[in-house]
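*Asks:* Position one of the sequence shown corresponds to residue 1 (mature numbering (1 follows the signal peptide of the UniProt record, and there is no 0)), numbered consecutively onward.
Note that beta-carbon positions come from the ideal geometry of N, C-alpha and C, so glycine has one too.
Please see the structure below; I have some questions.
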Amino acid sequence: SGVVVQATICSDERFSFLESPGHGLFYINRHKVDKEFFCHALRLHYANCCHLRNNFGNNICELDLSTVKLAIVPGRKLLVNRVKGGTISPPTVPHESKNDHQFTFTSKIMGIALPGVVIFGCVFMCPCFYSKRKKTEEIALPRDPTSMDSISSFEMSANIEKVPGTPLRHAPPSPRISSSSPTDLYRQRSIHLNYSDIVKATHNFSESLVIGEGGFGTVYKARLRDGQEVAIKRAKKEHFDSAEFDSEVRILSKIDHRNLVKLLAYVDRGNERIIITEYVPNGTLRQHLDGEYESILDFNQRLEIAIDVSHGLTHLHLYSEKQIIHRDIKSSNILLTERLRAKVADFGFARAGPADDDQTHISTKVKGTVGYLDPEYMRTYQLTPKSDVYSFGILLLEILTGRRPVEVKRDIEERVLLRWASYNYSKGNITRLLDPQLEEAIDAKTLEKLFWLAIQCAAPVRADRPEMREVGERLWTIRMEYQRQTRIA
Ligand SMILES: Nc1ncnc2c1ncn2[C@@H]1O[C@H](COP(=O)(O)OP(=O)(O)OP(=O)(O)O)[C@@H](O)[C@H]1O
């Protein structure tokens with residue numbers, strides 16, 4: 001006598017429930033789950049702009065958008081736990097067959113445009129895209145202790161002998177520590193700091209030294225006793241028990257590359273989680289593209305920035321001790337030096353790639369920023385370095401057009417950058433795509449190669465995306481050709 005209602009929504013997950021008076025059965029992908037889990041997952045999909053037909057689930061889960069909408073404002077971070085742990089089957093992933101590589105030009109464009117249409121539909125239909133909010137919010141399903149993500153976090157922390165336990169995960173908060181006991185101090189590259197040094201350097205975390213506010217904390221600019229300028233990121237209390245702080249520290253401590261922001265030290269004790277990195281003085285790429293600085297980035301500078309980012313990512317993917325996937329490549333995470341060279345920042349979502357050579361991917365919860373998230377990763381929960389390549393494709397489009405991945409105030413057909421760029425590329429309207437702030441006339445062939453590269457990077461299927469190293473090489477060649485042309489002209 002119950003009524004079965006079902007809907008297929010984004011990420012290929014099938015939700016169904018049977019409700020009869022005083023009783024309910026809830027399923028995700030035909031696996032029985034409890035109501036709380038069901039509703040949490042449904043809210044997540046709703047928040048992620050899936051269109052739920054006939055108000056599916058609204059009566060039982062009270063899908064009040066105001067509780068979740070803030071998590072998916074375009075350009076903000078999104079954190080999604082995967083549904084797994086034996087109760088729910090992971091989606092099957094299409095094999096990277098030969099056919100995957102045999103798209104014709106038109107089908108590629110179509111393939112790229114279609115997810116754009118989906119995003120576009122979301123932008124159009126989902127009121128959450130219209131809400132504005134400064135701070136990042138996260139939403140997460142209850143953490144599953146058997147998930148690979150939590151296991152690898154645990155294993156990684158066991159490997160870092162210098163990282164003390166994070167007391168807040170295991171014990172009630174202890175009072176703020178201002179001593180210089182060795183446990184509250186992590187020394188890296190000869191920087192010796194303790195909590196009181198940091199309090200001094202930041203004038204007791206003075207508002208006047210704040211240079212930024214991110215999802216996980218406030219960033220201060222400070223000068224150390226030896227005169228060195230540093231950025232000090234102080235984690236927010238509510239994020240103390242998150243894995244992001246540990247992740248950022250672990251990853252940063254192992255890498256040293258001129259296109260990646262360097263970790264200098266960190267303090268991890270009591271209520272404080274503080275990361276000290278090199279200070280990169282010239283703002284973010286997004287601020288430059290938004291015209292917040294006096295001069296507009298010229299075309300050559302933009303190419304150099306793209307090359308720098310590709311080199312930083314190639315280092316993470318290929319040459320660091322462990323393969324690292326950044327997972328949050330976006331223009332506001334690219335910091336610029338005085339000479340306008342780029343450094344990739346914010347490793348809060350970074351994680352190690354597959355440990356085994358035979359493994360093609362890791363299965364993990366989806367993290368990243370809306371607008372930059374690899375659709376295949378979102379659908380399958382399989383993370384590979386190609387997810388960074390996807391985000392890089394969107395970033396390259398930003399660099400060329402000056403636009404953000406999603407701009408809700410634009411006309412409908414222009415709201416989703418990838419879709420708009422793919423459409424115009426396929427019609428041969430390439431010069432239309434170029435940032436109008438650029439005063440130089442750029443050769444159409446150069447632009448075509450660049451847009452094609454960006455569109456390929458942001459292909460919906462990872463098999464169609466180039467490796468990051470190849471991306472860097474192609475950018476390098478395009479820049480050489482461009483410079484040769486400008487010298488001749
Ligand atoms: N090393 C640094 N040097 C100079 N400025 C920095 C540095 N690190 C961060 N900032 C500034 O602080 C801001 C906040 O950085 P943070 O990495 O905490 O967050 P975010 O990436 O902007 O936001 P979110 O966490 O939501 O992605 C940056 O946008 C940048 O302006």
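Counting beta carbon pairs with one atom in the stretch 440-449 and one in the stretch 280-291, are three or more of them shorter than 8 Å?
*Replies:* These segments do not touch.
*Asks:* Among Glu304, Asp226, Gly283 and Leu303, whose alpha-carbon lies nearest the alpha-carbon of Glu294?
*Replies:* Start at 1 with the first residue of the sequence shown, and residue 294 comes out as number 294. Here the closest residue by C-alpha is Gly283.
*Asks:* For Pro354, which residues of its own chain have a beta-carbon under 6 Å away from its beta-carbon, when the five flanking residues on both sides are left out?
*Replies:* For this step, residue 354 is matched to residue 354 along the sequence shown. For Pro354, where only same-chain residues beyond five positions count, the Cβ hits under 6 Å are Ile362.
*Asks:* Using beta-carbon positions only, say whether Ala342 and Ile334 come within less than 8 Å of one another.
*Replies:* Along the sequence shown, one-based indexing puts residue 342 at 342. Along the sequence shown, one-based indexing puts residue 334 at 334. Contact flag set, yes.
*Asks:* State yes or no: is the C-beta of Gly212 nearer than 7 Å to some heavy atom of ligand 1?
*Replies:* The sequence position of residue 212 within the sequence shown is 212, counting from 1. Answer for Gly212: yes, Cβ within range of ligand 1.
*Asks:* Write down the C-beta distance between His326 and Leu318 rounded to the nearest angstrom, noting that I regard them as a contact closer than 8 Å.
*Replies:* As a first step, residue 326 must be located in the sequence shown, where it is residue number 326. As a first step, residue 318 must be located in the sequence shown, where it is residue number 318. 13 Å between Cβ atoms; not a contact.
*Asks:* Helix, strand or coil, according to DSSP, for Gln287 in the structure here?
*Replies:* Numbered from 1 along the sequence shown, position 287 holds the residue referred to as residue 287. Gln287: helix per DSSP, three-state reduction.
*Asks:* Since His311 is in the alpha helix (DSSP H), which residue starts that stretch and which ends it?
*Replies:* Stepping through the sequence shown from its first residue, residue 311 is reached at position 311. Note, His311: alpha helix (DSSP H), Phe299 to Thr314.
*Asks:* Are the stretch 263-277 and the stretch 376-395 in contact at 8 Å, needing three or more beta carbon pairs?
*Replies:* Judged by Cβ distances under 8 Å, the stretch 263-277 makes no contact with the stretch 376-395, as fewer than three pairs qualify.
*Asks:* Quick one: is Glu440 buried, meaning 16 or more other Cβ sit within 10 Å of its Cβ, or exposed?
*Replies:* In the sequence shown, the residue the question calls residue 440 occupies position 440. Glu440 is exposed by the Cβ-count criterion.
*Asks:* Please return the same chain residues whose Cβ sits closer than 7 Å to the Cβ of Glu481, not counting the five positions on each side in sequence.
*Replies:* Along the sequence shown, one-based indexing puts residue 481 at 481. Contacts found: Thr446.
*Asks:* Where does Leu264 fall in DSSP's three states?
*Replies:* Residue numbering aside, residue 264 sits at position 264 when the sequence shown is read from its first letter. If DSSP states are grouped into helix, strand and coil, Leu264 belongs with the strands.
*Asks:* Count the other CB atoms, across all protein chains shown, that sit within 10 Å of the CB of Ile412; report buried if there are 16 or more and exposed otherwise.
*Replies:* Position 412 of the sequence shown, counted from the first residue, corresponds to residue 412. So Ile412 counts as exposed.
*Asks:* Starting from Glu398, follow the alpha helix (DSSP H) in both directions and report where the run begins and ends.
*Replies:* Start at 1 with the first residue of the sequence shown, and residue 398 comes out as number 398. Here the alpha helix (DSSP H) through Glu398 covers Pro385 to Thr401.
*Asks:* If you measure between the beta carbons of Phe392 and Ser331, is that distance less than 8 Å?
*Replies:* As a first step, residue 392 must be located in the sequence shown, where it is residue number 392. As a first step, residue 331 must be located in the sequence shown, where it is residue number 331. Cβ distance not < 8 Å, so Phe392 and Ser331 don't count as in contact.
*Asks:* Ligand 1 and Ala235: does the residue's C-beta get closer than 7 Å to at least one heavy atom of that ligand?
*Replies:* The sequence position of residue 235 within the sequence shown is 235, counting from 1. Every heavy atom of ligand 1 is 7 Å or more from the Cβ of Ala235, so no.
*Asks:* How long is the line joining the alpha carbons of His257 and Glu304, rounded to whole angstroms?
*Replies:* As a working note, residue 257 is residue 257 in the sequence shown. As a working note, residue 304 is residue 304 in the sequence shown. One C-alpha to the other measures close to 16 Å.
*Asks:* DSSP state of residue 518, grouped into three classes?
*Replies:* Within the shown structure, residues of the chain are numbered from 1 to 489, placing residue 518 beyond reach of any answer.
*Asks:* Does DSSP put Tyr372 in a helix, a strand or coil?
*Replies:* Taking the first residue of the sequence shown as position 1, residue 372 is located at position 372. Here Tyr372 sits in coil by DSSP.
*Asks:* Tell me the rounded alpha-carbon separation between Val471 and Leu395.
*Replies:* Position 471 of the sequence shown, counted from the start, is the residue given in the question as residue 471. Position 395 of the sequence shown, counted from the start, is the residue given in the question as residue 395. Roughly 13 Å between the two C-alpha positions.
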